[in-house]
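A.B. asks: The sequence shown runs 2 to 440 under our numbering.
Don't be surprised by glycine CBs; every beta carbon is placed ideally from N, CA and C.
Only a predicted model underlies this, so the values are computations on that prediction, with no experimental measurement involved.
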Amino acid sequence: MKEACCILSCDIVNTDVVIVGTGAAGLFCALSLPETMKICMITKQKADESDSFLAQGGICMLRGEEDYESYFEDTMRAGHYENDEKAVELMIRSSNSVIRELLRYGVRFEKNADGALDYTKEGAHSRPRILFHEDITGKEITSTLLRQAQSRKNIEIREFTTMVDLVTENNTCSGVVCVAEDGTRYVINADNVVLASGGIGGLYQHSTNFPHITGDGLAIAIKHNVEVEHVDYVQIHPTSLYSTKPGRSFLISESVRGEGAVLLNKNKERFTDELQPRDVVSKAILAQMEKDGTDFVWEDMRPIGEETILQHFPNIYKHCLEEGYDVLKEPIPVVPAQHYHMGGIKVNLASRTSMNDLYAVGEASCNGVHGKNRLASNSLLESLVFAQRAADDIVYGINHVDADVEKVDMSAYDDLDSVFAEYKENIFGEMERERTNND
Ligand SMILES: Cc1cc2nc3c(=O)[nH]c(=O)nc-3n(C[C@H](O)[C@H](O)[C@H](O)COP(=O)(O)OP(=O)(O)OC[C@H]3O[C@@H](n4cnc5c(N)ncnc54)[C@H](O)[C@@H]3O)c2cc1C
Numbered sequence: 002m003k004e005a006c007c008i009l010s011c012d013i014v015n016t017d018v019v020i021v022g023t024g025a026a027g028l029f030c031a032l033s034l035p036e037t038m039k040i041c042m043i044t045k046q047k048a049d050e051s052d053s054f055l056a057q058g059g060i061c062m063l064r065g066e067e068d069y070e071s072y073f074e075d076t077m078r079a080g081h082y083e084n085d086e087k088a089v090e091l092m093i094r095s096s097n098s099v100i101r102e103l104l105r106y107g108v109r110f111e112k113n114a115d116g117a118l119d120y121t122k123e124g125a126h127s128r129p130r131i132l133f134h135e136d137i138t139g140k141e142i143t144s145t146l147l148r149q150a151q152s153r154k155n156i157e158i159r160e161f162t163t164m165v166d167l168v169t170e171n172n173t174c175s176g177v178v179c180v181a182e183d184g185t186r187y188v189i190n191a192d193n194v195v196l197a198s199g200g201i202g203g204l205y206q207h208s209t210n211f212p213h214i215t216g217d218g219l220a221i222a223i224k225h226n227v228e229v230e231h232v233d234y235v236q237i238h239p240t241s242l243y244s245t246k247p248g249r250s251f252l253i254s255e256s257v258r259g260e261g262a263v264l265l266n267k268n269k270e271r272f273t274d275e276l277q278p279r280d281v282v283s284k285a286i287l288a289q290m291e292k293d294g295t296d297f298v299w300e301d302m303r304p305i306g307e308e309t310i311l312q313h314f315p316n317i318y319k320h321c322l323e324e325g326y327d328v329l330k331e332p333i334p335v336v337p338a339q340h341y342h343m344g345g346i347k348v349n350l351a352s353r354t355s356m357n358d359l360y361a362v363g364e365a366s367c368n369g370v371h372g373k374n375r376l377a378s379n380s381l382l383e384s385l386v387f388a389q390r391a392a393d394d395i396v397y398g399i400n401h402v403d404a405d406v407e408k409v410d411m412s413a414y415d416d417l418d419s420v421f422a423e424y425k426e427n428i429f430g431e432m433e434r435e436r437t438n439n440d
């Protein structure tokens, strides 16, 4: 383990690997590391409060060699062919082994009457290839991974612990500076640091993401001149339940449209093909809202049929009922909302960033899989595949660098509001720069 000292006295925790984030990416990375390694995971809130828990629709899987070409093409087309082809191929080809591992951990995917895995379809997929668990697939996968991690003696999870900075010297990372719930500031010193800190939805007024997921990993990477990519590629989901209440927007999963729901204008007429890629459908909805002078369009789930709605989408049904809409009887108002960040910390196929001993995985990273627009249900898969690759690289990779003594001035984190205001500015500033460069 690397030696560290602080300019001002502070506690130091020593570990082999520190993982920032307890979503699907962070947990799968931790579980893929050998049990002989000491791993410290930190998370801003409770361990089960991550966007991974919110995923509704499902997780993609390659259905045999005959599905390869069309799965690859669907991903590329959705991404406007700006995807990294090697990364896409790796993700697709790794999907069977990752799913096998999830099943081994005890994840329950829906099965058909014959006991075989069942598949659903979402927008821009040319065939059903999405595994699901009711409409709470993310919760099923991530809670299973969390239970596994909690049972491992080598993995420690620190809740309500916020990373406020990286410890770096000579382009090498040797740990993170964090703040505990009671305000205590300390350093976690590690041979390798993995940023699994999720997307940027919390920076937006209307987002389907948890408000505490505010792109901290990305902002801190920008601060330390770690390479970032496509920060301006932000996905807007076409259908969140329209509400005037403050807080997180409730997602109406794309698989609802995949199973037959239709979008209607103010006169309750269809106005677009509901199964186009997300960015195309979002644009069509926003244009229709402008034309109609409304704050939302309607989504009618009744074509799906009562039995499938109750079996496949029990939570969406229940949530809408609580909001005063019975989807079995009437259309619901929906509006696009910020949903996913395709851009992020630039990584290679081993999830390495441009800084020594610093990795980024999941939504915090940009490995090029999604190109300009993510295909539905590819993100959980991408998170898991590249989290495992990070773990493999930590164990088997070469060129790990020993950093001797790190100096941390803890007084730099006295005023955390200003620190996070600066981080927010890092992200929106970078977005603006990329947009200007692309114009
Ligand atoms: C409503 C919704 C539905 C979705 N549906 C699907 C779907 O059906 N299929 C699919 O493939 N994808 C779906 N997605 C996307 C997918 O869930 C996410 O992209 C993916 O789970 C990201 O996982 P992650 O581990 O990278 O990040 P998250 O799961 O977001 O985890 C981020 C973690 O980082 C921690 N963190 C952040 N900042 C700090 C900090 N400064 N210090 C300490 N900890 C920090 C957070 O507390 C959290 O634990 C959906 C997303 C949403 C919001």
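Would DSSP call Q57 helix, strand or coil?
C.D. replies: Q57: coil per DSSP, three-state reduction.
A.B. asks: Between which two residues does the beta strand (DSSP E) containing R159 stretch?
C.D. replies: Run containing R159: I156 to R159, per the beta strand (DSSP E) assignment.
A.B. asks: Within its chain, find whatever has a CB closer than 8 angstroms to the CB of L382; leave out the 5 residues flanking it on each side and keep chain order.
C.D. replies: Cβ within range, chain order: I60, C61, M62, M92, S96 and V99.
A.B. asks: Tell me the start and end of each unbroken beta strand (DSSP E) in the segment 19-81 that is at least 3 residues and wholly inside, in chain order.
C.D. replies: Taking only runs of at least 3 residues, the beta strand (DSSP E) segments lying wholly in the segment 19-81 are 40-43.
A.B. asks: In this structure, how does DSSP classify R353 when only helix, strand and coil are distinguished?
C.D. replies: DSSP places R353 in strand when its eight states are reduced to three.
A.B. asks: At a threshold of 7 angstroms, does L167 count as lining ligand 1 (C-beta to nearest heavy atom)?
C.D. replies: No, since every heavy atom of ligand 1 falls outside the 7 angstroms radius drawn around the Cβ of L167.
A.B. asks: How far does the alpha helix (DSSP H) with K284 in it extend, from its first residue to its last?
C.D. replies: R279 to D293 is the span of the alpha helix (DSSP H), which, as asked, contains K284.
A.B. asks: Taking the continuous beta strand (DSSP E) assigned at P247, which residues delimit it?
C.D. replies: Segment: none, P247 is in no beta strand (DSSP E) and carries neither H nor E.
A.B. asks: Leaving out five residues on either side along the sequence, give the residues of the same chain with a beta carbon under 8 angstroms from the beta carbon of P337.
C.D. replies: Cβ within range, chain order: I237, H238, P239, T240, S241, S283, I286 and L287.
A.B. asks: For the beta strand (DSSP E) holding H313, just list the boundary residues, first then last.
C.D. replies: Segment E307 to H313 is the alpha helix (DSSP H) holding H313; no beta strand (DSSP E) there.
A.B. asks: Excluding the five sequence neighbours on either side, which residues of its own chain have a C-beta within less than 6 angstroms of the C-beta of Y106, listed in chain order?
C.D. replies: T145 and Q149.
A.B. asks: Does the separation of the CB atoms of S366 and V348 fall below 8 angstroms?
C.D. replies: In this structure, V348 lies closer than 8 angstroms to S366 by Cβ.
A.B. asks: When the Cβ atoms of the segment 150-169 are set against those of the segment 74-89, are three or more pairs found closer than 8 angstroms?
C.D. replies: Output reads no: the segment 74-89 does not touch the segment 150-169.
A.B. asks: Looking at C-alpha atoms only, which residue of G65, A125, L32 and D68 is the closest neighbour of P278?
C.D. replies: Considering only alpha carbons, the answer is A125.
A.B. asks: I'd like to confirm the pairing. Which residues does DSSP put opposite S208 in its beta bridges?
C.D. replies: Beta-bridge pairing links S208 to Q339.
A.B. asks: Are there three or more Cβ pairs, one per stretch, closer than 8 angstroms when the segment 125-136 is compared with the segment 307-319?
C.D. replies: Yes, the segment 125-136 touches the segment 307-319.
A.B. asks: Hey, is V21 close to ligand 3, as in C-beta under 7 angstroms from one of its heavy atoms?
C.D. replies: Ligand 3 is not among the ligands present in this structure, which contains only ligand 1.
A.B. asks: Starting from I346, follow the beta strand (DSSP E) in both directions and report where the run begins and ends.
C.D. replies: From DSSP, the beta strand (DSSP E) with I346 extends over G345 to K347.
A.B. asks: Kindly confirm or deny that the segment 391-410 and the segment 254-263 touch, where touching means at least three C-beta pairs closer than 8 angstroms.
C.D. replies: No, the segment 391-410 does not touch the segment 254-263.
A.B. asks: Beta-carbon separation of V195 and C30 under 8 angstroms?
C.D. replies: Yes. Within cutoff.
A.B. asks: Which residues in the same chain as K122 place their Cβ atom closer than 6 angstroms to its Cβ, once the five residues preceding and following it in sequence are excluded?
C.D. replies: Excluding residues within five positions, the ones whose Cβ falls inside 6 angstroms are P129 and G259.
A.B. asks: For V1, does the three-state DSSP call read helix, strand or coil?
C.D. replies: Only positions 2 to 440 of the chain appear in this structure, which leaves residue 1 out of reach.
A.B. asks: Exposed or buried, C6, counting other C-beta atoms within 10 Å across all chains shown (16 or more means buried)?
C.D. replies: Low local confidence applies: a pLDDT of 49 at C6 is under 50, so the model's placement there is unreliable, and no value is given.
A.B. asks: Classify H401: buried if its beta carbon has 16 or more other beta carbons within 10 angstroms, exposed otherwise.
C.D. replies: The residue is exposed, with fewer than 16 neighbouring Cβ atoms inside 10 Å.
A.B. asks: List the DSSP bridge partners of V298.
C.D. replies: In DSSP, V298 forms a bridge with V335.
A.B. asks: Does DSSP put A5 in a helix, a strand or coil?
C.D. replies: Note that A5 scores 49 on pLDDT, short of 50, meaning its location in the model is unreliable; the coordinates nonetheless yield the value given after this. In this structure, A5 counts as coil in the three-state DSSP scheme.
A.B. asks: Going along the chain, which residues of its own chain have a beta-carbon closer than 8 angstroms to the beta-carbon of E275, five neighbours each way excluded?
C.D. replies: Cβ within range, chain order: G124, R258, A262, V263, L264 and V282.
A.B. asks: Quick check: L167 and T209, are their CB atoms within less than 8 angstroms of each other?
C.D. replies: Taking 8 angstroms as the Cβ cut-off, L167 and T209 do not qualify as a contacting pair.
A.B. asks: For Y82, count neighbouring Cβ atoms within 10 angstroms of its own Cβ and tell me buried if that reaches 16, exposed if not.
C.D. replies: Classification of Y82: exposed, given that the 10 Å Cβ count is below 16.
A.B. asks: Go through the segment 86-157 residue by residue and report every complete run of the beta strand (DSSP E) that reaches 3 residues or more, in order.
C.D. replies: The qualifying runs do not exist here; there are none.
A.B. asks: Assuming V227 contacts L359 (C-beta within less than 8 angstroms), just tell me the rounded distance between them.
C.D. replies: Contact holds; Cβ gap of about 7 angstroms.
A.B. asks: Would you check if the distance between the CB atom of Q46 and the CB atom of H213 is smaller than 8 angstroms?
C.D. replies: For Q46 and H213, yes; Cβs fall inside 8 angstroms.
A.B. asks: Say the cut is 7 angstroms; is the CB of I428 nearer than that to a heavy atom of ligand 1?
C.D. replies: No, since every heavy atom of ligand 1 falls outside the 7 angstroms radius drawn around the Cβ of I428.
A.B. asks: Would you report the Cα separation of D85 and T354, rounded to the nearest angstrom?
C.D. replies: Answer to the nearest angstrom: the Cα atoms are 16 angstroms apart.
A.B. asks: Closer than 7 angstroms to a non-hydrogen atom of ligand 1 - does that hold for the CB of T37?
C.D. replies: The answer is no for T37.
A.B. asks: Helix, strand or coil for Y360? Go by DSSP, reduced to three states.
C.D. replies: Three-state DSSP puts Y360 in a strand.
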